[in-house]
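Peer 1: I have a structure I would like to understand better, so I am pasting it below and will then ask my questions one at a time.
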Amino acid sequence: MPVDFLVLSAALLAGLTGGAHCALMCGGIAASLNGHGKESALPHALALNLGRIGSYTLAGLLAGTLGAAFVGLVRIPDLALWLRSVMGLLLMLIALRMLFPRRFAFANALASPLWRLVSKAKATLPASGLWRSLGLGAIWGWLPCGLSTSVLLAAWMEASPLHSSLMMAAFGLGTLPLMTAMSYSGARLQGLLDNRRLRAGMALLVLLAGALTAAAPWLMRVPEMHGALAALGCRSLA
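For the sequence shown, full-length UniProt numbering assigns the number 1 to the initial residue and increments by one for each residue that follows.
Right under this line is the structure:
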């Protein structure tokens with residue numbers, strides 16, 4: 001199965017757009033986990049966030065394995081393609097979540113007690129240096145978050161260990177710039193990704209990518225669109 005660059009682009013954009021959401025939800029945690037001086041703060045911030053992305057990727061691998069097993073057991077013709085269409089609908093919901101974050105504020109409150117546990121986990125890791133930051137980031141990546149859980153569910157619908165892990169890695173890389181800056185500076189940045197119009201524009205791109213992903217199996221039958229969608233990794237129903 002070819003790599004679906006349309007889905008990977010949507011996941012990357014979801015991470016970029018969701019970076020502002022992550023900053024509001026766990027920026028304080030990111031800053032507190034990286035209690036190092038200015039000279040070593042940036043390497044530790046990178047290690048912290050790479051550990052988090054590593055956990056996202058592993059979660060995607062597990063989700064894709066379970067999805068592939070499910071498709072293999074059920075044996076419904078074209079089930080994988082139907083799941084990918086449902087995944088497109090889920091990407092559209094993720095985009096709406098980014099456009100209207102206040103309507104999903106309840107999802108952030110559910111994880112608050114677990115964030116406090118991550119802060120306490122600093123004392124349980126005896127190693128100092130970059131390995132400690134990498135380990136803390138790996139723990140951080142497994143904690144529930146409304147946005148990452150939604151993307152993980154979409155990754156499960158890829159029903160492929162490789163593609164699901166790539167999707168979660170793309171999402172994690174999208175969050176990397178802002179969350180690394182948060183971990184490094186300890187400040188809630190009001191930078192480019194905090195611009196409402198830009199965030200809305202990227203969310204609309206995710207919405208468009210989700211719509212194309214959902215409709216791709218049928219749009220592939222249109223001769224004018226077949227070549228472009230095939231190049232993006234989409235497939236048609238049999």
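The beta-carbon is built from N, C-alpha and C at its ideal position, and this holds for glycine as well.
At least one CB of chain C closer than 8 Å to the CB of V7: is that the case?
Peer 2: Any reference to chain C falls outside this structure, which holds one protein chain only.
Peer 1: Out of A11, R97, L83, D4, which one is the CA nearest neighbour of L176?
Peer 2: Per the Cα distances, A11.
Peer 1: How about R52 and G129: do their beta carbons lie closer than 8 Å?
Peer 2: Not closer than 8 Å, so no.
Peer 1: Give me the Cα-Cα distance between A69 and G88, rounded to the nearest whole angstrom.
Peer 2: Going by the C-alpha atoms only, they are around 21 Å apart.
Peer 1: Going by the CB atoms, is the gap between A45 and A159 shorter than 8 Å?
Peer 2: Cβ atoms of A159 and A45: not closer than 8 Å.
Peer 1: Are the Cβ atoms of G201 and L91 separated by less than 8 Å?
Peer 2: Their beta carbons are not under 8 Å apart, which means G201 does not touch L91 by this criterion.
Peer 1: Let me make sure I understand the geometry here. Which of L96, L207, L66, G146 has the alpha-carbon closest to that of P161?
Peer 2: Comparing Cα positions, the closest option is L66.
Peer 1: Helix or strand or just coil, what does DSSP make of T65?
Peer 2: It is helical.
Peer 1: Please list the terminal residues of the continuous alpha helix (DSSP H) segment that includes A215.
Peer 2: Where A215 is concerned, the enclosing alpha helix (DSSP H) stretches over 196-219.
Peer 1: Could you tell me the distance, in whole angstroms, from the CA atom of A187 to the CA atom of M168?
Peer 2: Legend: pLDDT at A187 = 46, less than 50; position of this residue unreliable, value from coordinates given subsequently. Cα to Cα, A187 sits roughly 26 Å from M168.
Peer 1: What's the C-alpha gap between V206 and E224?
Peer 2: The alpha-carbon atoms of V206 and E224 are separated by roughly 23 Å.
Peer 1: Nearest CA to the CA of L93: which residue from G64, G60, V151?
Peer 2: Selected option, being the one with the closest Cα: V151.
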